[in-house]
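Just so we're aligned, residue 1 is where the sequence shown starts under the working numbering, counting upward by one.
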Amino acid sequence: MARMAEALHDEGYAVLNVDYPSREAEIESLADTVIRQALTDEQVMRADKIHFVTHSMGGILVRQFLATNVIERLGRVVMLGPPNRGSEVVDQMGDYQLFAAINGPAGKQLGTGTNSVPNRLGPVRFELGVIAGNRSINWINSLMIDGPDDGKVSVTSTKVEGMKQHRVLPVTHPYLMKNAQVIQETLCFLRTGRFCTVPSEGADDQAGSSREQ
């Protein structure tokens, strides 16, 4: 997230780039420990508004924390490639030892079943913009996923009920947070609550679309 953090800093934001041990605990424990600790950071405590920019599982940590906690100064949230409805890759690979070793207990919680953590959390109640990728450099994973995907998560699975806006860009999962257009769209959403570019004809720009499904 270094390039994203630098861009946010250049725009005048006080930035806390949070690393966390994603392979060592379940989502509930990670969300409570990591986000609660971040909220005690000195520059975060001084902030008028607290925004979140997340990649992949980080979005689920934010949803998990906000499902049971209130952040009084919460601003806007941008999620990049979040498995908001789970990932088909976890459905197919979650029981393999190698998958567990690489992704840890939290990774196994990100399936598409009704009892997976993302699908138990329900609609979001905060101002959320989601950016999904529809390019893949992992064709093996993409064979397990229905429809357009970023190599880890399908475009459909990034959506969540209650989101304000959804945008699809031609980026792969590992590069979403490094892509110049993604960074620009993130800055626009944090400033205005809207993504900044008008999508081309046939592109996905589904403000509130999940409420209609």
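Using N, Cα and C, we set each Cβ at its ideal position, and we do this for glycine too.
From a predicted model like this one, the values you see are computed outputs, not experimental measurements.
query: Which term fits Glu-6, buried or exposed, when burial requires 16 or more other beta carbons within 10 angstroms of its beta carbon?
result: exposed
query: To the nearest whole angstrom, what separates the beta carbons of Glu-127 and Thr-112, a pair I think is in contact under 8 Å?
result: Actually they do not touch by this definition, with Cβ atoms about 26 Å apart.
message: For Ala-224, which residues in the same chain have their Cβ closer than 7 Å to its Cβ, ignoring the five residues on either side in sequence?
response: Outside the displayed span of the chain (1 to 213) sits residue 224, for which this structure offers no information.
task: Please name the residue, chosen from Arg-191, Gly-133 and Val-18, that lies closest to Phe-81 on a Cα-to-Cα basis.
output: Looking at the sequence shown, residue 81 is not Phe but Gly. Of the listed residues, the one whose Cα sits closest to Gly-81 is Gly-133.
task: Please confirm if the stretch 139 to 151 is in contact with the stretch 57 to 75, defined as three or more CB-CB distances below 8 Å between the two stretches.
output: no
field: Own chain residues within Cβ distance below 8 Å of Val-34, not counting five before or after
entry: Val-18, Tyr-20 and Leu-61
task: Could you tell me the boundaries of the beta strand (DSSP E) in which Met-214 lies?
output: With the chain covering only 1 through 213, there is no way to say anything about residue 214.
query: Leaving out the 5 sequence neighbours to the left and right, which residues in its chain are closer than 7 Å to Phe-221 when beta-carbon positions are compared?
result: No information on residue 221 is available, as it lies outside the stretch 1 to 213 that the chain covers here.
- request: List the whole-angstrom C-beta distance separating Thr-156 from Arg-63, where the pair is believed to meet the contact cut-off of C-beta under 8 Å.
  value: At roughly 17 Å, the Cβ-Cβ gap does not stay under 8 Å, so Thr-156 and Arg-63 are not in contact.
- request: Would you grab the beta carbon distance between Met-177 and Met-1 for me? Rounded to a whole angstrom, and I think it's under 8 Å.
  value: 5 Å
query: Ends of the alpha helix (DSSP H) at Gly-58?
result: Following the DSSP letters along the chain, one finds Gly-58 inside the alpha helix (DSSP H) bounded by residues 57 to 68.
task: Please say whether Gly-162 and Val-124 have beta carbons closer to each other than 8 Å?
output: yes
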